[in-house]
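Before any comments, here is the structure.
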């Protein structure tokens with residue numbers, strides 16, 4: 455551990471926080487970070503024993519995970535990286551192969567939205583399509599043209615299985631997923647079975663973190679059971695979050711963010727040409743030549759002539775920082791990592807590909823508590839929150855590094871037989887398909903320059 459620090463390498467993580475969030479943060483008092491007595495000075499902090507590593511039974515009763523109000527996190531504690539998951543995907547392959555051998559399901563023509571209350575000739579086809587995959591009981595299939603409440607419930611079930619907003623309406627994104635053929639789904643399941651097998655080729659560790667990028671969620675696993683699940687934000691198109699295996703070696707409390715040159719030249723400097731006071735609002739310092747150089751007066755710089763080769767930008771620690779209050783250090787050749795974020799509203803989106811490659815974690819303080827629970831001096835719950843309340847930058851080096859996997863799993867099956875699919879956001883499934891976009895999603899806050 456060390457004291458105040460000026461950490462953060464020049465990495466690929468280079469998008470930035472929306473002004474709206476920054477303005478709100480400034481309004482609640484970012485300029486003075488100090489401990490709180492009755493309540494923490496930040497909002498939303500959520501918060502464990504020593505494990506018996508000789509007891510590795512997979513047959514213990516699996517406690518139910520608390521239901522998720524948005525219903526986009528997996529419901530039980532079975533890890534993706536498990537023999538049981540591989541077996542369940544094999545069962546799903548057999549199920550979909552049988553559907554394909556019988557001719558698959560009907561294509562829903564046109565691109566016009568269907569919604570409850572509509573009366574149109576595509577409704578019987580929609581019923582048959584949903585019945586083919588069990589989203590609608592076969593006994594409820596009819597030739598009725600009315601889009602009734604029973605059909606609406608079946609559409610919601612389908613949308614939840616496919617990572618779409620459960621509106622009950624057949625919008626463009628839902629129609630695109632409905633019209634993926636049975637043969638394509640079989641191939642997708644086979645590819646993901648292979649991915650699970652690859653994850654199992656080396657011995658499964660007692661503790662590890664796995665991020666499933668296209669599912670936009672993270673699971674912290676201990677003794678073959680998921681202890682925590684978190685929503686995550688991953689890399690947007692053309693700034694993909696890579697697949698990798700690394701080790702979590704430390705936590706950085708109140709990190710600085712050193713703005714990469716590409717972001718500085720393409721985003722920050724043009725912004726400052728139009729809005730010179732932006733740099734003060736975001737608490738970004740201007741440095742000469744390198745990140746350890748002398749600080750410059752922003753008002754003395756002609757931003758129309760400025761170059762990122764000669765000046766650097768470094769954002770001060772605090773809630774306004776693009777990395778939030780905690781950075782999870784996991785050295786890897788790709789230069790990506792996990793971290794907090796001030797852009798909390800983005801976690802309420804279903805498709806969360808907004809970053810520049812790094813992974814932003816919802817309730818990251820709770821994950822940090824899980825990571826450090828066996829570290830000397832950090833065993834007691836609440837130590838992470840207490841450290842944050844002190845308001846002092848701190849590097850914690852782990853004595854027991856935790857493995858982390860960034861994976862790409864777009865199809866799986868749960869223990870109850872439910873088969874799930876997710877959009878192939880980076881087109882890694884080697885299948886050309888229409889981009890699945892949700893036109894009914896609420897507006898996304900304007901993106902600035904966060905990792």
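In the numbering used here, the protein residues as written are 455 to 905. Glycine included, C-beta positions come from ideal geometry on N, C-alpha and C. It should be emphasised that the depicted structure is a prediction, and the values quoted were computed from it without experimental measurement.
Backbone secondary structure at residue i - three-state DSSP
i	result
residue 800	helix
residue 839	helix
residue 849	strand
residue 499	Only weak support is given to the placement of residue 499: the predicted model assigns it a pLDDT of 28, under 50, and the question is left unresolved by the model.
residue 644	helix
residue 809	strand
residue 829	coil
residue 788	coil
residue 824	helix
residue 726	helix
residue 636	helix
residue 905	coil
residue 819	helix
residue 777	coil
residue 653	helix
residue 892	Note that residue 892 scores 44 on pLDDT, short of 50, meaning its location in the model is unreliable; the coordinates nonetheless yield the value given after this. Residue state, collapsed to three classes: coil.
residue 750	strand
Other residues of its chain near residue i: CB distance less than 8 Å, five sequence neighbours each side excluded
i	result
residue 599	573, 574, 575, 577, 578
residue 758	727
residue 691	807, 879, 880
residue 489	Confidence at residue 489 is low in this model, with a pLDDT of 38, below 50, so its placement is unreliable and the value that follows should be read with caution. Only 495, 843, 844, 845 meet the Cβ criterion.
residue 869	530, 532, 538, 542
residue 624	562, 567, 568, 569, 580, 609, 632
residue 765	718, 740, 741, 742, 743, 750, 755
residue 701	784, 785, 855, 856, 857, 858
Beta-ladder partner(s) of residue i, from DSSP
i	result
residue 938	No information on residue 938 is available, as it lies outside the stretch 455 to 905 that the chain covers here.
residue 768	712, 739
residue 861	666
residue 705	782, 850
residue 700	858
residue 675	662, 680
residue 873	867
residue 624	568
Candidates the options: closest to residue i by CA position
i	options	result
residue 769	657, 737, 787	737
residue 585	606, 863, 748	606
residue 640	868, 677, 544	544
residue 857	631, 684, 703, 744	703
residue 698	786, 615, 863	786
residue 851	580, 832, 814, 725	832
residue 777	796, 753, 533, 789	796
residue 535	547, 679, 800	679
residue 816	550, 571, 779	779
residue 746	735, 728, 767	767
residue 794	712, 819, 559	819
residue 538	822, 650, 657	650
residue 729	708, 756, 802	756
residue 814	781, 846, 825, 823	781
residue 791	744, 525, 551, 709	709
residue 821	874, 764, 801, 682	682
residue 803	685, 647, 554	685
residue 660	743, 571, 560, 855	855
residue 643	542, 658, 677, 596	542
residue 567	749, 871, 622, 849	622
residue 784	744, 705, 826	705
residue 753	731, 569, 592	731
Contacts around residue i, its chain only, beta-carbon distance under 6 Å, and the 5 residues preceding and following it disregarded
i	result
residue 689	695, 809, 811
residue 859	664, 699
residue 675	533, 662
residue 876	617, 668, 669, 864
residue 620	610, 613, 614
residue 806	670, 687
residue 527	671, 683
Own chain residues within Cβ distance below 7 Å of residue i, not counting five before or after
i	result
residue 562	576, 579, 580, 583, 629, 632, 633
residue 666	534, 861, 863
residue 653	535, 859, 861
residue 571	601
residue 551	640
Completely contained alpha helix (DSSP H) runs for the region 533-615, where each covers 4 or more residues:
537-555, 577-586, 603-615
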